[in-house]
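Novice: Provided herewith is a single structure, encoded as structure tokens, for subsequent inquiry.
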Amino acid sequence: MSPTHEKTDPSTSPTDLPTTNCNDLITNEFLQNALKMEAKGGSVSEIISYLATPGSKLGDNYASIIYSVDVNLSDGTKRHLLIKCYPNHPSRQELTNKMNLFFKECEVYSKWMPALSRMQKEVFGLDKEEAVKLPYAKFVYGECIDFQSEEGEARKSGLISSLDNFLIMEDLRKTYGFRMTDRRQPLDLDHMKLVISALAKVHSVSWAYRNHVEENITQKFPCFVTNMSEEDVAIFSNVVRSNLEQAKGIYDKEFGPKNAYTAVADKFSGMIDRISSMFTGSEPWRIISHGDVWSNNMLFRYDPGTGKPVEVILIDLQKPGEACVMTDLQYIFYLSTTLEFRRKYLDDLLQLYHDTFNGVCAKLRTPTLPGFCMDSLRFRFHRAKLFGYYMAMMGIPMILKEGEATDWEDMEGDKDVKKAFIELCSGAGTNNTVKERLIEVTREMMEDGIF
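Sequential numbering of the sequence shown, starting at 1, is according to the UniProt record's numbering.
Here it is as structure tokens:
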């Protein structure tokens, strides 16, 4: 996990954010062209006025800068847009370039999602109302550099501005009242039911595409290939190792020297480099995953009467790829729920995933995953818990960190990604919530026979 998440809290005040004049960057001409491109030759109303403001809190986005724009049009309507731009800091740019984050997300919105819509319409004859609704925001327009192309490689040596890489989406906070949960609070059952159902739909529709349109999805959509070098993978592994050292300090203080918790941390530290191969089998359940599923990468709409969540939208699509279904499931359970919650509701939610996945497959006349039954789903989830532990050790100190926000644009120019992430995760031993979560997740691994 990396802090690349779109945090779009509407309660953010201008004093929390950079003082850069957003309207100097986001111009009338830029917005008018985006609306023209969205219309694809159709009529477009003229922009009468607009206001651009920072769209996220200070320190919330490592790999992007977010702007919120309200546009008044000549036909009397108003558009609420969210613009995700390329960061200015050299280290932040280096990370996005290596992982090709902006291009990947632009391809997902502009090509992959339309392909799924065409499949439902042309292959299965489903109209808009009948089709499986996928939990994504409306895409307006985007332009992004493919840093894995020859042209993109050449661009790396020159100056790249914020608007050389950008995506524009509908701002769901203002159009439909969606909002984000508090990242420091675990998700409850009502929220998790929506998330698990959404993931099952995302996964199963991609599975149907593989069965009915193109078996080799990554050949047709190279954006789903993860091209991370060993050096890049080592960055995140080193963050996990640093966090394990913090965890060991917590365990030694809590349980004394030579305790079982510290022994688990030591053992796992030697396994980190092999983590990606630990839960694959002869018939992996490979679908197109979200790739970064935790509470700050989703928005919820709530019933005004009951206050309960009724809809979820998944955001930050910079890390999707061809992966086992367990990748997303381990991610959400171990970053956004507690041990008590997992003990109480895990089986029910796996059943919900199973039933939703199979329901979509039935609707799209698609055979389900090979060997896909509840016993196999439980077994594979158990087998993949090492990945859940990896994500917990990386993410919990980062997600639950308290204190002053980091201004990523103002950090030292020569600070590398690894140092930035390690500093972001520091102080775990002084945060009681982090301590509790790190203790309980290690206890879970021991109780469940993972170590």
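C-beta atoms are modelled at their ideal positions from N, C-alpha and C, and glycine is treated no differently.
#1: Can at least three beta-carbon pairs, one atom from the region 181–189 and one from the region 114–131, be found at a separation below 8 angstroms?
#2: If I follow the unbroken beta strand (DSSP E) through residue 348, where does it start and stop?
#3: Going along the chain, which residues of its own chain have a beta-carbon closer than 6 angstroms to the beta-carbon of residue 334, five neighbours each way excluded?
#4: Can you grab the Cα-Cα spacing for the pair residue 405 / residue 148, in whole Å?
#5: Tell me whether residue 27 is buried or exposed, calling it buried when 16 or more other Cβ atoms sit within 10 Å of its Cβ.
#6: Quick check on the DSSP output: the alpha helix (DSSP H) that includes residue 385 runs from which residue to which?
#7: Can you check DSSP and say which residues form a bridge with residue 298?
#8: Under 8 angstroms: do the region 321–337 and the region 288–303 share three or more Cβ pairs, one atom per stretch?
#9: Thinking residue 352 and residue 135 are a contact (beta carbons under 8 angstroms), I'd like their distance in whole angstroms, please.
#10: State the start and end residues of the unbroken alpha helix (DSSP H) segment that holds residue 191.
#11: Identify every residue that forms a DSSP beta bridge with residue 71.
#12: Within 10 Å of its beta-carbon, does residue 373 have 16 or more other beta-carbons around it, so buried, or fewer, so exposed?
#13: Are the CB atoms of residue 349 and residue 450 nearer to each other than 8 angstroms?
#14: If you compare alpha carbons, which of 143, 98 and 82 is closest to residue 108?
#15: Is the separation between the beta-carbon of residue 448 and that of residue 382 shorter than 8 angstroms?
#16: Examine the Cβ distances between the region 45–53 and the region 62–74 and report whether three or more of them are shorter than 8 angstroms.
#17: In the DSSP assignment, the beta strand (DSSP E) including residue 169 goes from what residue to what residue?
#18: Alpha carbon to alpha carbon, what distance is there between residue 305 and residue 100?
#19: Comparing C-alpha positions only, which one of 252, 363, 82 and 83 sits nearest to residue 435?
#20: For the alpha helix (DSSP H) holding residue 443, just list the boundary residues, first then last.
#21: Do residue 394 and residue 225 have their C-beta atoms within less than 8 angstroms of each other?
#22: With 16 other CB atoms within 10 Å as the buried threshold, where does residue 413 fall?
#23: Which class does residue 236 belong to by DSSP, given the choice of helix, strand or coil?
#24: In its own chain, which residues sit with a C-beta less than 8 angstroms from the C-beta of residue 259, not counting the 5 before and 5 after it?
#25: With distances taken Cα to Cα, identify the nearest neighbour of residue 286 among 33, 43 and 369.
#26: In the DSSP assignment, find the alpha helix (DSSP H) that holds residue 139 and state where it starts and stops.
#27: List the whole-angstrom C-beta distance separating residue 301 from residue 177, where the pair is believed to meet the contact cut-off of C-beta under 8 angstroms.
#28: DSSP puts residue 289 in a beta bridge; with which residues?
#29: Check the DSSP bridge columns for residue 106 and list the partner residues they point to.
#30: If the criterion is Cβ atoms closer than 8 angstroms, does the pair residue 53 and residue 85 meet it?
#31: Please identify the residue among 138, 211 and 332 whose C-alpha is closest to the C-alpha of residue 38.
#32: Flag this pair as yes or no: are the beta carbons of residue 323 and residue 289 separated by less than 8 angstroms?
#33: Looking at C-alpha atoms only, which residue of 365, 191 and 284 is the closest neighbour of residue 299?
#34: Only counting the same chain, and skipping five residues up and downstream in sequence, which positions put a Cβ closer than 8 angstroms to that of residue 443?
#35: Would you mind working out which of 132, 319 and 24 sits nearest residue 198, comparing C-alpha positions?
#36: Do residue 87 and residue 110 come within 8 angstroms of each other at the CB atom, strictly closer than that value?
Specialist: Short version:
#1: In short, these stretches do not touch, since the Cβ pair count stays below three.
#2: On the sequence shown, residue 348 is found 348 positions in, with the first residue counted as 1. Counting along the chain, residue 348 falls outside any beta strand (DSSP E), though it belongs to the alpha helix (DSSP H) covering 339–363.
#3: Residue 334 sits at position 334 when you count from the first residue of the sequence shown. Taking residue 334 as the centre and dropping the five residues before and after it, the same chain places the C-beta of 388, 391 and 392 closer than 6 angstroms to its C-beta, in chain order.
#4: Within the sequence shown, the letter at position 405 stands for residue 405. Within the sequence shown, the letter at position 148 stands for residue 148. Confidence at residue 405 is low in this model, with a pLDDT of 48, below 50, so the placement of that residue is unreliable and no value is reported for it.
#5: Here residue 27 refers to the residue found at position 27 when the sequence shown is read from its first residue. Counting C-beta atoms within 10 angstroms of its own C-beta, residue 27 has fewer than 16 neighbours from the protein chains shown and is therefore classed as exposed.
#6: Here residue 385 is taken as the residue at index 385 of the sequence shown, counted from 1. First-last of the alpha helix (DSSP H) with residue 385: 385–399.
#7: Indexing the sequence shown from 1 puts residue 298 at position 298. The partner list for residue 298 (beta bridge, DSSP) reads 314.
#8: With a cut-off of 8 angstroms, the region 288–303 and the region 321–337 count as touching, because enough Cβ pairs lie within range.
#9: As a working note, residue 352 is residue 352 in the sequence shown. As a working note, residue 135 is residue 135 in the sequence shown. Not a contact, Cβ separation roughly 15 angstroms.
#10: Indexing the sequence shown from 1 puts residue 191 at position 191. That run of the alpha helix (DSSP H) goes 189–212.
#11: Translated into the one-based positions of the sequence shown, residue 71 becomes position 71. Partner(s): 50 and 79.
#12: In the sequence shown, counting from the first residue as 1, residue 373 sits at position 373. Using a 10 angstroms sphere on the CB of residue 373, the tally of other CB atoms stays under 16, which defines it as exposed.
#13: Mapped onto the sequence shown, residue 349 falls at position 349. Mapped onto the sequence shown, residue 450 falls at position 450. No. Outside cutoff.
#14: The residue given as residue 108 occupies position 108 in the sequence shown. Out of 143, 98 and 82, 143 has the C-alpha closest to the C-alpha of residue 108.
#15: Locating residue 448 in the sequence shown gives position 448, counting from the first residue. Locating residue 382 in the sequence shown gives position 382, counting from the first residue. Going by C-beta atoms, residue 448 is nearer than 8 angstroms to residue 382.
#16: The region 45–53 and the region 62–74 touch, with no fewer than 3 CB-CB distances between them shorter than 8 angstroms.
#17: As a working note, residue 169 is residue 169 in the sequence shown. Where residue 169 is concerned, the enclosing beta strand (DSSP E) stretches over 166–170.
#18: Residue mapping note: residue 100 aligns to position 100 of the sequence shown, counting from 1. Residue mapping note: residue 305 aligns to position 305 of the sequence shown, counting from 1. Spanning the two alpha carbons is a distance of roughly 43 angstroms.
#19: As a first step, residue 435 is located in the sequence shown; it is residue number 435 there, counting from the start. Relative to residue 435, the option among 252, 363, 82 and 83 whose CA is nearest is 252.
#20: Start at 1 with the first residue of the sequence shown, and residue 443 comes out as number 443. Start and end: 432–447.
#21: Position 394 of the sequence shown, counted from the start, is the residue given in the question as residue 394. Position 225 of the sequence shown, counted from the start, is the residue given in the question as residue 225. The Cβ-Cβ distance between residue 394 and residue 225 does not fall below 8 angstroms.
#22: Working through the sequence shown from its first residue, we reach residue 413 at position 413. Caution is warranted here: a pLDDT of 48 is assigned to residue 413, below 50, making its placement in the model unreliable, and the coordinate value is therefore given only provisionally. With fewer than 16 other Cβ atoms within 10 Å, it is exposed.
#23: Along the sequence shown, one-based indexing puts residue 236 at 236. It is helical.
#24: Residue numbering aside, residue 259 sits at position 259 when the sequence shown is read from its first letter. 251 and 252.
#25: As a first step, residue 286 must be located in the sequence shown, where it is residue number 286. Considering only 33, 43 and 369, the residue with the shortest C-alpha distance to residue 286 is 369.
#26: Here residue 139 corresponds to residue number 139 of the sequence shown, with the count starting at 1. Per DSSP, residue 139 belongs to no alpha helix (DSSP H); it is in the beta strand (DSSP E), 139–143.
#27: If you number the sequence shown from 1, residue 301 lands on position 301. If you number the sequence shown from 1, residue 177 lands on position 177. Yes, they are in contact, since the Cβ atoms of residue 301 and residue 177 sit about 6 angstroms apart, within 8 angstroms.
#28: For the purposes of this step, residue 289 is taken as residue 289 along the sequence shown, with counting starting at 1. 321.
#29: Numbered from 1 along the sequence shown, position 106 holds the residue referred to as residue 106. The partner list for residue 106 (beta bridge, DSSP) is empty, contrary to what the question assumes.
#30: Counted from its first residue, the sequence shown places residue 53 at position 53. Counted from its first residue, the sequence shown places residue 85 at position 85. Remark: C-beta atoms of residue 53 and residue 85 do not approach each other more closely than 8 angstroms.
#31: Position 38 of the sequence shown, counted from the first residue, corresponds to residue 38. In terms of Cα proximity to residue 38, the closest of 138, 211 and 332 is 138.
#32: Here residue 323 is taken as the residue at index 323 of the sequence shown, counted from 1. Here residue 289 is taken as the residue at index 289 of the sequence shown, counted from 1. It is a contact, given that the beta carbons lie within the stated cut-off.
#33: Looking up residue 299 in the sequence shown gives position 299. The residue with the shortest Cα to Cα distance from residue 299 is 191.
#34: Looking up residue 443 in the sequence shown gives position 443. So the qualifying residues of the chain are 261 and 339.
#35: In the sequence shown, the residue the question calls residue 198 occupies position 198. For residue 198, the nearest C-alpha among the options comes from 132.
#36: Taking the sequence shown and counting its residues from 1, the one referred to as residue 110 is at position 110. Taking the sequence shown and counting its residues from 1, the one referred to as residue 87 is at position 87. Against a cut-off of 8 angstroms, the Cβ pair of residue 87 and residue 110 comes out as no contact.
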